[in-house]
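Residue numbers (our numbering): 2 to 260.
Virtual Cβ for every residue (Gly too), placed ideally from N, Cα, C.
Here the structure is a predicted model, which means the values were calculated and not measured.
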């Protein structure tokens, strides 16, 4: 590959809500690599190592690793077995990872010898990095339902000593919670808030209804609140934000309005 001819480049910058070390594994482990490219795709994570991509539609692409610096950077060539729109070795991809308060900022630079080939890949990378973000999130937050259930269990537990480990399991220290009756910032504020819930609504239970829905660290879960007598006191949906450590960092409670 003649580097001097690669005068056309596309750029994309996205936030992946996982730690940089977690994200980089998807460039060094063939099973994880295949999870976001397609079954059968492989990568050899060393300079000169083979890059192979088999898309779900059976289109094949490949190249070789030029540079790798875990967990910061990987550079590899990329082209298609068919030779179109780029032959094998005909373009260069640089992916750089930087730590970010939300997780990891991924910076993509893909260099080509002509503008048409570059433009052909713009939407492809927009889609492929969305797939990537979802694959990372789906594996990182595979236990999202357990996190949500620990949250509801903490709300339902009147004893502070029993409530504490439930919160420790599920909740980040900087938790933010808002609903029609709450404006809470931080775990130190949440704990007395839950104590007050049981003071003024003794016997209250908050229960998840149905499954959870998760996309790139945002989780939706329906709930129902029941009083000490088992009667329904309210229902709604919580929107959870999970952080890069798979903890609940934010919750918005949306109450279902009567009628």
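*By the 10 Å Cβ neighbour count, where 16 or more other Cβ atoms means buried, how is residue 184 classified, buried or exposed?*
exposed
*Can you name, in chain order, every residue of its own chain whose Cβ lies under 7 Å from the Cβ of residue 77, other than the five neighbours on each side?*
52, 64, 65, 66, 67, 94
*Per DSSP, which one or two residues make a beta bridge with residue 233?*
227
*Buried or exposed by the 16-neighbour rule on C-beta atoms within 10 Å, applied to residue 123*: Classification for residue 123: exposed.
*On the DSSP bridge assignment, give the partners of residue 88 in chain order.*
81
*When the distance is taken between beta carbons, is residue 243 closer than 8 Å to residue 232?*
It is not a contact, given that the beta carbons lie outside the stated cut-off.
*Between 26, 155, 145, 181, which lies nearest to residue 196 when the distance is taken from Cα to Cα?*
155
*asked:* If contacts are defined as beta-carbon pairs under 8 Å, then residue 17 and residue 46 qualify, I think. What distance do you get, rounded to the angstrom?
replied: Their Cβ separation, rounded to whole angstroms, is 18 Å, which puts residue 17 and residue 46 out of contact at 8 Å.
*Measuring from the CB of residue 216, is there a heavy atom of the ligand NAP at a distance below 7 Å?*
Only the bare structure without any ligand can be found here, which leaves the ligand NAP out of the picture.
*Assuming residue 114 contacts residue 134 under a Cβ cut-off of 8 Å, what Cβ separation, rounded to an integer in Å, is found between them?*
Not confirmed; about 29 Å, so no contact.
*Can you tell me the Cα-Cα spacing of residue 6 and residue 145, whole angstroms?*
47 Å
_Range of the contiguous beta strand (DSSP E) that encloses residue 31_ = No beta strand (DSSP E) holds residue 31; the alpha helix (DSSP H) holding it covers 31 to 38.
*asked:* Can you find the residues in the same chain that come closer than 6 Å, C-beta to C-beta, to residue 215, ignoring five residues on each side of it along the sequence?
replied: 142, 145
*How would you write the range of the beta strand (DSSP E) that residue 215 sits in, first residue to last?*
206 to 216
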